[in-house]
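Student: Mind having a look at this structure? Questions to follow.
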Amino acid sequence: MENDLVVNNSLRALGLENSSAEGKQSMGLVMARAGLGKTAILVQFALDCMLLGNKVLHVAIGEGVDKTRAWYDDILAVLTDGEKIETIPEIMHNRMIMTFKESGFSKALFEERLEDLVKQGIYQPQCLIIDGYDFEGNTKESLEEFKAFMLEQGLKMIWFSAVSHRGDERVSASGVPAPCHDLDSVFDTVLLINPSKDEMKLDIIKCDTGSIDPGTTLLLDPSTMLLKKA
Amino acid sequence: MNTDLSKVRNIGISAHIDSGKTTLTERILYYTKRIHAIHEVRGKDGVGAKMDSMELEKERGITIQSAATYCSWNGIDINIIDTPGHVDFTVEVERALRVLDGAVLVLCSVGGVQSQSITVNRQMTRYNVPRVAFINKCDRTGANPAKVTGQLRDKLGLNAHMMQMPIGLENDLKGVVDLITMKAVYFEGENGDDIRIADIPADMQDEAAEKREALVEEVSMYSEELMEALLEEGDIDNQLIYDAVRKGTLSLEFTPVFVGSAYKNKGVQSLLDAVEQYLPCPTDVTNMALDLKNEESEFAVTNDPKDPLIMLAFKLEDGRYGQLTYVRTYQGHLNKGDTVYNSRTGKKVKIGRLCRMHSNEMEEIENCGSGDIVALFGVDCASGDTFTTDEISCSMTSMHIPEPVISLAVIPTDNKAQINMSKALNRFTKEDPTFKTFVDHETGETIISGMGELHLEVYIERMKREYGASVEVGAPQVAYRETISERADFNYTHKKQTGGSGQYGRVAGFLEPIEEEYEFVDSIVGGVIPREFIGSCDKGFKKSLEKGSLCGAPITGVRCTINDGAYHAVDSSDVAFQLASVGAFKEGYLKAKPVIMEPIMKVAVEGPSEFQGAIMGSVNQRRGMIIGSTEEGNYSVIEAEVPLSEMFGYSTTLRSLTQGKAEFTMEFSSYKPVPKSVSEELIKAYQDERKNA
Chain A
1 MENDLVVNNS
11 LRALGLENSS
21 AEGKQSMGLV
31 MARAGLGKTA
41 ILVQFALDCM
51 LLGNKVLHVA
61 IGEGVDKTRA
71 WYDDILAVLT
81 DGEKIETIPE
91 IMHNRMIMTF
101 KESGFSKALF
111 EERLEDLVKQ
121 GIYQPQCLII
131 DGYDFEGNTK
141 ESLEEFKAFM
151 LEQGLKMIWF
161 SAVSHRGDER
171 VSASGVPAPC
181 HDLDSVFDTV
191 LLINPSKDEM
201 KLDIIKCDTG
211 SIDPGTTLLL
221 DPSTMLLKKA
Chain B
231 MNTDLSKVRN
241 IGISAHIDSG
251 KTTLTERILY
261 YTKRIHAIHE
271 VRGKDGVGAK
281 MDSMELEKER
291 GITIQSAATY
301 CSWNGIDINI
311 IDTPGHVDFT
321 VEVERALRVL
331 DGAVLVLCSV
341 GGVQSQSITV
351 NRQMTRYNVP
361 RVAFINKCDR
371 TGANPAKVTG
381 QLRDKLGLNA
391 HMMQMPIGLE
401 NDLKGVVDLI
411 TMKAVYFEGE
421 NGDDIRIADI
431 PADMQDEAAE
441 KREALVEEVS
451 MYSEELMEAL
461 LEEGDIDNQL
471 IYDAVRKGTL
481 SLEFTPVFVG
491 SAYKNKGVQS
501 LLDAVEQYLP
511 CPTDVTNMAL
521 DLKNEESEFA
531 VTNDPKDPLI
541 MLAFKLEDGR
551 YGQLTYVRTY
561 QGHLNKGDTV
571 YNSRTGKKVK
581 IGRLCRMHSN
591 EMEEIENCGS
601 GDIVALFGVD
611 CASGDTFTTD
621 EISCSMTSMH
631 IPEPVISLAV
641 IPTDNKAQIN
651 MSKALNRFTK
661 EDPTFKTFVD
671 HETGETIISG
681 MGELHLEVYI
691 ERMKREYGAS
701 VEVGAPQVAY
711 RETISERADF
721 NYTHKKQTGG
731 SGQYGRVAGF
741 LEPIEEEYEF
751 VDSIVGGVIP
761 REFIGSCDKG
771 FKKSLEKGSL
781 CGAPITGVRC
791 TINDGAYHAV
801 DSSDVAFQLA
811 SVGAFKEGYL
821 KAKPVIMEPI
831 MKVAVEGPSE
841 FQGAIMGSVN
851 QRRGMIIGST
861 EEGNYSVIEA
871 EVPLSEMFGY
881 STTLRSLTQG
891 KAEFTMEFSS
901 YKPVPKSVSE
911 ELIKAYQDER
921 KNA
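Residue numbers (the working numbering), protein chains in the order written: chain A, 1 to 230; chain B, 231 to 923.
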């Protein structure tokens, strides 16, 4: 069952695990308007990493530990169809949640916390999820510095989420909406949740490190918040 | 006694240790004229606060046993249970919450919402207890009630809103602004008895008006009339606001927040008004009982004093007046001299004396009715028993009681101590369902077990002080368990023919892991094991579960299925099949890959953020799995799962790591297999112990 979760995962379509297996480091971004399911997608990325034996550090800005844990429990319950899997408690050893208030999160503080974990040998994450980062209040330079620091820490995969706003028409040449329209070059992968009348599409705007199967479209099932192939 | 149930409030006062709830209770008793002088918890007069009646509580300045007390305010009867603040005593808190209709959640205006407040809040939510919050100690340096209200929202997920604004803070705390009446309330005189109502200070008027508007808008969600009045933009009748707040509070959707300083005698009377206005009376709450004549189906108690009596014993106490049983009446009434039935034992009990307790003083009464909390004299029962009249057979729903996770040996120093210890243990096990005791057959030692080091320490102290039982104490032992990890077959023949009648029995089947503690499945067909010996097999398996062969811990999570066997017309007996099953279990157990399980505790460590790294390191060194960290300003909370065996002495380590600025709470989470290295150590220690025995 655990193996099924890895092999049959729709995330395989992105082929991201191949690049990390090759030792490449990548930084991705999931964008959507508020309330469409960014956290659900990030949690699926995190769970996929955890199932592959990697350690995940999930940084939730503006959310509590319990609420973040509940996302994992819910997604896992849907993925496993409620079936009990012996190794799940073991897999949860691969996750640590760190939460900050919106006003309390800073690059310097996070760097201090991550260094604490790594230097003391408490936890060495390979995948980092940052949910709720304030892109509007931070510059491209500070994000680039942040990226450099995180890559120095040996992280294989970093995922951010960002909220796009309906009224903001700014968009980059490759189609990345505001507030990340100037940040194309910082991210290797950019995904955008694009709701249409009948379904929720996941547009793959950019995927430099992965090997996307030709013609692949991913959809987000609104009832389960799971990714599925179209 | 008030026969009008709308004028009765059964409330608890729960909070984090040191947030001042005992001082608050003391002031409540003073203002309701139950006592005529104020004694501080750790006061110089040596009297101690009224609610801390046990000597040990007085000495440590903490509340261990919830003492029940009664008072009256504005014609409302209030029964108060003062509850302990240490997580080790949460069964006391849970028991209190079971019988209460509402609660006051006390918070320190400096410390704010801390880990114990989170635990207590979770318990209140589990029992659907509506609450009002009281932010105490507003006279302290660093007091910030607005921040604490924010924490109530963020950390506890409560829809908390301040009903008052403090007039001044820290040393300048003078009184409060009532945001409904829009008046300033000052508490004057030596003990704050004289209440002076005045206009809101000019510099606070704008802010107060803004806050009132926000409050009214928020509570209008719970009242259509208030919503309409708000839309009409005219003057709003205060009663509409009171009603809306009450409705929101009772539905657990709103938590009104009050501020003050019990120590400085400020804001307590307003809190009492809030208890009257916002907390439920017994008829506002639906309590369920189990119908024992109808397969324990649930039914709602009526609260009607004319209906048959239903009464729950929620606390036993051995005090200077003999054995006291605290009861809550859910329906019907009780007169002195009445005979009632204990639903668990079926025994008749005559109620000789009935009284209201006022901490450790009492007031005899002639009768009590639905909704009342009173104490009975000389009734032999256990905590959690239900009393009824002969017209009805029911039991109140059972309480969630956690299993003990730690044990230690107690050795009486002489014969007298042995007798006193037995008396004490008998009492404690009746009083506290999480405290258990048994005699280890192999060592002959008396073992006590409970929910944590402090939990057991307090009972040992009580044994010495209250019962004069001088005992020596062994090192604390973790309650390990053994279980199997896979299915395994067994086929065992027990044969003994050495003179006299022989013994013969063959038992075959398999063991398999399950979630529950134990299950016995009889799949015998064709009578290969006669019916009369099936029970013997079950008994034999159960006996095998008492002590596992890895480290001597009890075995859980096993299903024993028997599907074949053989018997002898003469030599087969109950004993023969019991022994055959013991042998069969032993054979199957080793093949079923047994593992040792240890209790894992959910630990929350709180402290200044500068120590976060050190705290995480200390948890990590203890085989802890860090689940998450929450950083809020200068304060961090680290949540982790840590094996209990690694938590001994952690408070000392934490103190030295953080200059005494951090603290932790823990509660049982689950049993998990121990790592291989620990398992090997435990097995070796058990083998050595057996060799030396």
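No residue lacks a Cβ here, since even glycine has one placed at the ideal position from N, Cα and C.
Here the structure is a predicted model, which means the values were calculated and not measured.
Does B/I258 have its Cβ less than 9 Å from a Cβ in chain A?
Tutor: For B/I258, the answer is no, since every Cβ of chain A falls outside 9 Å of its Cβ.
Student: My assumption, with CB atoms under 8 Å, is that B/H563 sits in contact with B/S600. Please give the rounded CB distance.
Tutor: Indeed, because the Cβ distance is near 7 Å, the residues count as touching under 8 Å.
Student: Only counting the same chain, and skipping five residues up and downstream in sequence, which positions put a Cβ closer than 7 Å to that of B/G242?
Tutor: Within the same chain, B/G242 has close Cβ partners I311, T313, A326, L327, L330 and A333.
Student: Flag this pair as yes or no: are the beta carbons of B/Y722 and B/A834 separated by less than 9 Å?
Tutor: It is not a contact, given that the beta carbons lie outside the stated cut-off.
Student: Do A/N94 and A/N54 come within 9 Å of each other at the CB atom, strictly closer than that value?
Tutor: A contact, by the Cβ cut-off of 9 Å.
Student: Can you name the residues that DSSP bridges to B/F740?
Tutor: DSSP lists B/D719 and B/T791 as partners of B/F740.
Student: When you compare the CB positions of A/L143 and A/L183, do they come within less than 9 Å of one another, or not?
Tutor: Yes. Within cutoff.
Student: Report the three-state DSSP secondary structure of B/Y357 (helix, strand or coil).
Tutor: Residue state, collapsed to three classes: coil.
Student: In chain order, what residues of the same chain lie with their CB nearer than 6 Å to the CB of B/D602, ignoring the 5 residues before and after it?
Tutor: Excluding residues within five positions, the ones whose Cβ falls inside 6 Å are T559.
Student: Do the region 438–450 of chain B and the region 511–522 of chain B meet, that is, are 3 or more Cβ pairs less than 8 Å apart?
Tutor: No: the two stretches stay apart, fewer than three of their Cβ pairs being nearer than 8 Å.
Student: Using only the alpha-carbon positions, how far apart do A/L76 and A/V186 sit?
Tutor: In a straight line, the C-alpha of A/L76 is about 31 Å away from that of A/V186.
Student: If we cut at 9 Å on Cβ distances, does B/T860 have a partner in chain A?
Tutor: For B/T860, the answer is yes, since a Cβ of chain A falls inside 9 Å of its Cβ.
Student: My output table needs one value for B/V317: the three-state DSSP class, helix, strand or coil.
Tutor: Unreliable positioning characterises B/V317 in this predicted model, as indicated by a pLDDT of 48, which lies under 50. The coordinate reading is nonetheless provided below. Residue state, collapsed to three classes: helix.
Student: If you draw a straight line from the C-alpha of A/I41 to the C-alpha of B/I678, how long is it?
Tutor: The alpha-carbon atoms of A/I41 and B/I678 are separated by roughly 50 Å.
Student: Count the other CB atoms within 10 Å of the CB of B/K660; is the residue buried (16 or more) or exposed (fewer)?
Tutor: B/K660 comes out buried.
Student: Determine whether the Cβ of B/E742 lies closer than 9 Å to any Cβ atom of chain A.
Tutor: Not closer than 9 Å to any Cβ of chain A, the Cβ of B/E742 fails to qualify, so no.
Student: Tell me which residues of the region 108–128 of chain A have at least one Cβ-Cβ distance to chain B shorter than 9 Å, keeping chain order.
Tutor: From the region 108–128 of chain A, only L109, E112, R113, E115, D116, L117, K119, Q120, G121, I122 and Y123 have a Cβ closer than 9 Å to chain B.
Student: Per DSSP, B/M587 is paired with what?
Tutor: According to DSSP, which records beta bridges pairwise, B/M587 is partnered with B/M592.
Student: Are the Cβ atoms of A/E102 and A/G132 separated by less than 9 Å?
Tutor: Contact flag set, yes.
Student: Do B/A376 and B/T485 have their CB atoms nearer than 9 Å?
Tutor: Taking 9 Å as the Cβ cut-off, B/A376 and B/T485 do not qualify as a contacting pair.
Student: Anything in chain A within Cβ reach of B/G843, meaning under 9 Å, just list it in chain order.
Tutor: Under the 9 Å cutoff, chain A gives E112, R113, E115, D116, L117, K119, Q120 and I122.
Student: Say whether chain B places a C-beta atom closer than 9 Å to the C-beta of A/I97.
Tutor: Interface residue, yes.
Student: Let me see if you follow: with CB-CB separation under 9 Å, is A/T224 close to chain B or not?
Tutor: False, the Cβ-Cβ gap to chain B never drops below 9 Å.
Student: Starting from the Cα of B/G535, find the closest Cα among B/N401, B/Y556, B/L520 and B/N565 and give me that residue.
Tutor: Correcting the residue type first, residue 535 of chain B is Pro in the shown sequence and not Gly. Cα-wise, what sits closest to B/P535 is B/N565.
Student: Helix, strand or coil for B/F529? Go by DSSP, reduced to three states.
Tutor: B/F529 falls in the strand class under three-state DSSP.
Student: Are three or more beta carbon pairs between the region 775–783 of chain B and the region 755–762 of chain B nearer than 8 Å?
Tutor: No, the region 775–783 of chain B does not touch the region 755–762 of chain B.
Student: Unbroken alpha helix (DSSP H) runs of length 4 or more, entirely within the region 453–523 of chain B: which are they?
Tutor: Counting whole runs of 4 or more residues, the region 453–523 of chain B contains the alpha helix (DSSP H) stretches 454–462, 468–480 and 498–508.
Student: Reducing DSSP to helix, strand and coil, say where B/Q851 ends up.
Tutor: In this structure, B/Q851 counts as helix in the three-state DSSP scheme.
Student: DSSP state of B/G375, grouped into three classes?
Tutor: The question names Gly, but residue 375 of chain B in the sequence shown is Pro. The answer is helix: DSSP assigns B/P375 an H, G or I state.
Student: Are B/P634 and B/A709 closer than 9 Å when you measure CB to CB?
Tutor: Result yes, Cβ atoms of B/P634 and B/A709 sit closer than 9 Å.
Student: Classify B/Y916 as helix, strand or coil using the three-state DSSP reduction.
Tutor: If DSSP states are grouped into helix, strand and coil, B/Y916 belongs with the helices.
Student: State the beta-bridge partners of B/V362 as determined by DSSP.
Tutor: In the DSSP output, where bridge partners are listed per residue, B/V362 has B/V334.
Student: Using the beta-carbon count (16 or more within 10 Å), is A/F109 buried or exposed?
Tutor: First, the amino acid is wrong: residue 109 of chain A is Leu here, not Phe. Flag for A/L109 reads exposed.
Student: Return the chain-ordered list of same chain residues with a C-beta closer than 7 Å to the C-beta of B/D234, the five sequence neighbours on each side being excluded.
Tutor: None.
Student: Show which residues of chain A have a CB atom less than 7 Å away from the CB atom of B/E869.
Tutor: Within chain A, the residues near B/E869 are V65.
Student: At what residues does the alpha helix (DSSP H) containing B/Q808 begin and finish?
Tutor: Segment D804 to K821, the alpha helix (DSSP H) holding B/Q808.
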